[in-house]
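> Residue numbers (our numbering), protein chains in the order written: chain A, 1 to 345; chain B, 346 to 690; chain C, 691 to 1035.
Glycine included, C-beta positions come from ideal geometry on N, C-alpha and C.
For reference, the structure I am asking about is given below.
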């Protein structure tokens, strides 16, 4: 029975509040509108043509411009925050993120998560919570699934809980979910912004995305609210270390993805995120640069129209990427191992 | 006859320029679009499900997600600013704000105001202007009505005008306008974000909304333009005291309302604002917290689906609300006495 | 043949990379949505009623509210930046900008440019590139055409190229493109926001637009991404002189145009830009004011419903315009010579 004498607001969960295998239906399903999409593009600089031109999208066989995959990722992630990571100190990593179907403007999304792992940290005052989160559309069909793990403080820092379960996460998404859409011969490279198709990339190839973007507090806060992410560290300067809000890591993924247009303009579709890690935090005033390494080329069964590339994109703060710095170099803020879809010749 | 030799731009009205009982039709009717609504949610953090999910809204009996009531309030208020409070030093208070019907995306709104009171201040260089403002939809049907009073400087600070009329404003909106929509059994608490319905609240109950949000200059300026509020004090640093633009008070109402989701997630509809007061100004860098006291529970005639709660929400700057501070405590920025509608069991 | 061994990202063109008479089809056509328009209005303060009310637009004979002309100008300009002015030091001027047809929400735009002039600067390390840029709608019909010239550094500062061609640009757009729409008798001055129609303005008349607006970094960056302008100087503080990003000049045109509502509210349509010049740069923290001089009144053939005014609007930073300062006065940031359409009595 509902205990109406308890406080009706939530302080968010602490490590003690999670139970292995529990499933949480997250509140506030939301309809994704043209307004959300316009704001996403204006906040990130996203220019991939399949997502920005209804005409291009229709010409190549879509019903309309699909909603950007990384925006959908951030929007599903955001819906999970009040239940999972409201009090989190850090998002530690992502794995097994599979994009299952395209979302269109006007559709309503919601999210649910299952706790798949719990482990206390060695310092003892916090724990790592592993969840698998699923985004669903208005018909309850899955849009994407991903695992993430976050550092969550204990309510009682001295408590010892003893239980530990670390899930076995795949280093790569087992098989790329192949988009159903056939790309037809109307895909126009000069509209997309690059002459380079799947055929033209080689494993080991490195691409410096050149542009840099200095992040402002108002920008990342508006973006983070656009994603419905409510975690204190992004909004409440008084609760943030040194009074400086941390930029939500998923927004850095969006910025890096937008920067990658310069070199990967034909890679309009993200098929999976194999692994992601926020190597160090970003604050307002930091300037973000990115570069990408082509890891492997994947032929897709029975599909002569498209192919997949597995990429690693690294983002850096206050350091350009002309020398292709590594995760160990100063200023690394993001390593993202993911797969994209490109048209073939 | 039109005097075309006069300056064609307006410097905005001073106290001398208002006449008791005069009615002003405000210019620039505007169509409220999905873009406006997306921006409102991204600037305020609004998450009430009835306003964010077309699917939820349709499931419970609406034609689509209605536009957020406080956004409509701010948008109607904003249209009145160039004529009423362009030069105002402060918004002193609100009363008798009654929400009469729901607005939907795609509809066009306009505003008109009647001057219902005028009173010189004791210092003599300014006066208080009382207006009743009405928001109308594209069919000229009223959306909402409210009274507000503002401190407006005199053009000639030494002028003595002598006239004084202070209107008699009700301490409470006489009768709550009951929403026509019947809420059906498809209202889902776990989508709305709270198990607590009308039945579960008790007079005297206090709810700390927990989250805090630090305001940025770009955020409140974009929001204030979204509301079409053009008052100098929000935009022109050179005319602002100490060079710091003041955050528009209506935006603080929006932030407090968005924070109240945490505890009042089922209170998706605002029925009235009985009284509102901006106790002290907010500037960029201030962090806003809020808490709510349940004042009374109101049963609505012939309605077993919904009930009303009269609430007082108080917002504070740079001070959290765990101890439920009062209007007299340091840091109080807003006291809002209003009524909301919740589903019943 | 495509050389796949070259870097796949672009560093943007330098002066050496332009060829006289070459035509460039710019990538990333985009659908203009209600979201883009809402964001434009919230970032600029635009209040011209024809563009903000679908109902007003339909009442006077349009199919819906047309998209703001200066937004279309900036959006077409923005699409040309990655190919023309990614590395530009400054936008030097505009000429012969003719607005040919109205754009509506939901339509897709693209851009192409022809290089019409090239001239090395006297310092020798840079050159001036003159282009004619055309915006096209989804049916490939022209929306607008304009010329601009930009200062572009040489890749090799010591190179001497010798070639010079300076185009002969008209000081005025030859003939104003008359809007096809007939304005009917439903044009309502009190909705538009001004009693003054074409008939009421006189050559030589000066209008101080009164309001001032202090620009924030996040605002102009979001706006500049909304326009798809990617030039380094606006986004990358590390590449900007003194670490301060320059506000994109086209956004200053938008702000000046929005300010001009106060005095020119009936001038809802921009017919042409004869000449434009960014006299000095604007940075975050600067407060923008503007005033307008009526240069000439133009009767339009066979049109008794509308007339054109040729205007010069000047914008200043940190200096109000009550004394109508000139281009040579301190603080001038913009001189814009353009023509607008107003209803006649």
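(1) Cβ atoms of residue 395 (chain B) and residue 402 (chain B): under 8 Å apart, would you say?
(2) Less than 8 Å separating the beta-carbons of residue 982 (chain C) and residue 953 (chain C)?
(3) Cα separation between residue 483 (chain B) and residue 398 (chain B)?
(4) In the region 400 to 417 of chain B, which residues sit with their C-beta less than 7 Å from some C-beta in chain A, listed in chain order?
(5) Give a yes or no on whether 8 Å exceeds the smallest Cβ distance from residue 384 (chain B) to chain C.
(6) Going along the chain, which residues of the region 7 to 20 of chain A sit with their C-beta nearer than 9 Å to a C-beta in chain C?
(7) Under 8 Å, Cβ to Cβ, is there at least one residue of chain A near residue 948 (chain C)?
(8) List the DSSP bridge partners of residue 290 (chain A).
(9) Are the region 282 to 301 of chain A and the region 252 to 272 of chain A in contact at 8 Å, needing three or more beta carbon pairs?
(10) Is there contact between the region 364 to 382 of chain B and the region 347 to 355 of chain B, where contact requires at least three CB pairs shorter than 8 Å?
(11) Go through its chain and collect everything with a Cβ distance to residue 360 (chain B)'s Cβ below 8 Å, but skip five positions before and after it.
(12) Count the C-beta pairs between the region 70 to 86 of chain A and the region 224 to 232 of chain A that are closer than 8 Å, then say yes if the count reaches three, no if not.
(13) Can you list, in chain order, the stretches of the beta strand (DSSP E) that have 3 or more residues and sit fully within the region 911 to 949 of chain C?
(14) Does the beta-carbon of residue 1023 (chain C) have 16 or more other beta-carbons within 10 angstroms, so that it is buried, or is it exposed?
(15) Examine the Cβ distances between the region 829 to 841 of chain C and the region 783 to 799 of chain C and report whether three or more of them are shorter than 8 Å.
(16) Can the beta-carbon of residue 450 (chain B) be found closer than 8 Å to that of residue 521 (chain B)?
(17) Could you confirm whether any beta carbon from chain C is found closer than 8 Å to the beta carbon of residue 697 (chain B)?
(18) According to DSSP, what are the bridge partners of residue 843 (chain C)?
(19) Are the Cβ atoms of residue 760 (chain C) and residue 888 (chain C) separated by less than 8 Å?
(20) Between the Cα of residue 390 (chain B) and the Cα atoms of B:605, B:668, B:656, B:628, which residue gives the shortest distance?
(21) Which one of A:94, A:123, A:193 has the shortest CA to CA distance from residue 168 (chain A)?
(22) Based on the DSSP output, what are the partners of residue 98 (chain A) in its beta bridges?
(23) Looking at the structure shown, is residue 895 (chain C) part of a helix, part of a strand, or coil, going by DSSP?
(24) Using only the alpha-carbon positions, how far apart do residue 925 (chain C) and residue 561 (chain B) sit?
(25) By how many angstroms is the C-alpha of residue 371 (chain B) removed from the C-alpha of residue 356 (chain B)?
(26) Does the CB of residue 35 (chain A) have a neighbour CB from chain C at under 8 Å?
(27) Can you tell which of C:882, C:856, C:792, C:814 has its C-alpha closest to the C-alpha of residue 690 (chain C)?
(28) For residue 570 (chain B), which of C:712, C:729, C:693, C:703 has the nearest alpha-carbon?
(29) Thinking C-alpha only, which one of C:758, C:764, C:737, C:714 is nearest residue 913 (chain C)?
(30) Counting only Cβ pairs nearer than 8 Å, list the residues of chain B close to residue 733 (chain C).
(31) Is residue 372 (chain B) close to chain C, meaning its C-beta is less than 8 Å from at least one C-beta of that chain?
(32) Listed from N- to C-terminal order along the chain, which residues in the region 234 to 245 of chain A have their beta-carbon within a distance smaller than 8 Å of any beta-carbon of chain B?
(33) Could you check how far apart the C-beta atoms of residue 309 (chain A) and residue 339 (chain A) are, in whole angstroms? I think they sit under 8 Å.
(34) Tell me which same chain residues have a C-beta within less than 7 Å of the C-beta of residue 88 (chain A), skipping the five on either side of it?
(35) Can the beta-carbon of residue 692 (chain B) be found less than 8 Å from the beta-carbon of residue 437 (chain B)?
(36) Determine the chain B residues that contact residue 217 (chain A) at a beta-carbon separation under 7 Å, and present them in chain order.
Reading it off the structure:
(1) When the beta-carbon positions are compared, residue 402 (chain B) and residue 395 (chain B) come within less than 8 Å of each other.
(2) For residue 982 (chain C) and residue 953 (chain C), yes; Cβs fall inside 8 Å.
(3) So the two alpha carbons sit approximately 24 Å from each other.
(4) Listed by position, the residues of the region 400 to 417 of chain B near chain A (Cβ gap below 7 Å) are 400, 401, 410.
(5) It does: the Cβ of residue 384 (chain B) has a partner Cβ on chain C nearer than 8 Å.
(6) For the region 7 to 20 of chain A, the beta-carbon criterion of a distance under 9 Å to any beta-carbon of chain C is satisfied by none of its residues.
(7) No, residue 948 (chain C) lies away from the interface with chain A (no Cβ there is under 8 Å from its Cβ).
(8) Checking the DSSP bridge columns, you'll see residue 290 (chain A) partnered with A:315.
(9) A contact exists between the region 282 to 301 of chain A and the region 252 to 272 of chain A.
(10) Taking 8 Å as the limit for Cβ pairs, the verdict is that the region 347 to 355 of chain B does not touch the region 364 to 382 of chain B.
(11) Cβ-Cβ distances below 8 Å link residue 360 (chain B) to 463, 465, 471, 472, 474, 497, 498, 499, 500, 506 in the same chain, with the five nearest sequence neighbours on each side left out; the list follows chain order.
(12) The region 70 to 86 of chain A, when compared against the region 224 to 232 of chain A, does touch it at the 8 Å Cβ threshold.
(13) Runs of the beta strand (DSSP E) inside the region 911 to 949 of chain C: none found.
(14) Per the 10 Å Cβ criterion, buried.
(15) The region 829 to 841 of chain C is in contact with the region 783 to 799 of chain C.
(16) Cβ distance not < 8 Å, so residue 450 (chain B) and residue 521 (chain B) don't count as in contact.
(17) This structure cannot speak to residue 697 (chain B), because chain B is shown only from 346 to 690.
(18) The partner list for residue 843 (chain C) (beta bridge, DSSP) reads C:816.
(19) Not a contact, by the Cβ cut-off of 8 Å.
(20) Closest option to residue 390 (chain B), Cα to Cα, is B:605.
(21) Selected option, being the one with the closest Cα: A:94.
(22) Listed as beta-bridge partners of residue 98 (chain A) by DSSP are A:145, A:272.
(23) Assignment of residue 895 (chain C) by DSSP, reduced to helix, strand and coil, places it in the coil class.
(24) Cα to Cα, the separation comes out at about 19 Å.
(25) Looking at the two C-alpha atoms, the distance is approximately 15 Å.
(26) By the rule that beta-carbons nearer than 8 Å mark a contact, residue 35 (chain A) touches chain C.
(27) Any question about residue 690 (chain C) goes unanswered here, given that chain C covers just 691 to 1035.
(28) The shortest C-alpha to C-alpha distance from residue 570 (chain B) to any of C:712, C:729, C:693, C:703 is the one to C:729.
(29) Nearest option by C-alpha distance: C:764.
(30) Under the 8 Å cutoff, chain B gives 567, 570.
(31) Cβ-Cβ to chain C under 8 Å: yes for residue 372 (chain B).
(32) The region 234 to 245 of chain A vs chain B, Cβ under 8 Å: 235, 236, 237, 238, 239, 245.
(33) Contact holds; Cβ gap of about 7 Å.
(34) In its chain, beyond the 5 residues on either side, 150, 151, 152, 231 have a beta carbon closer than 7 Å to the beta carbon of residue 88 (chain A).
(35) An answer regarding residue 692 (chain B) cannot be provided, because it is not within the stretch 346 to 690 covered by chain B.
(36) What residue 217 (chain A) touches in chain B: 561.
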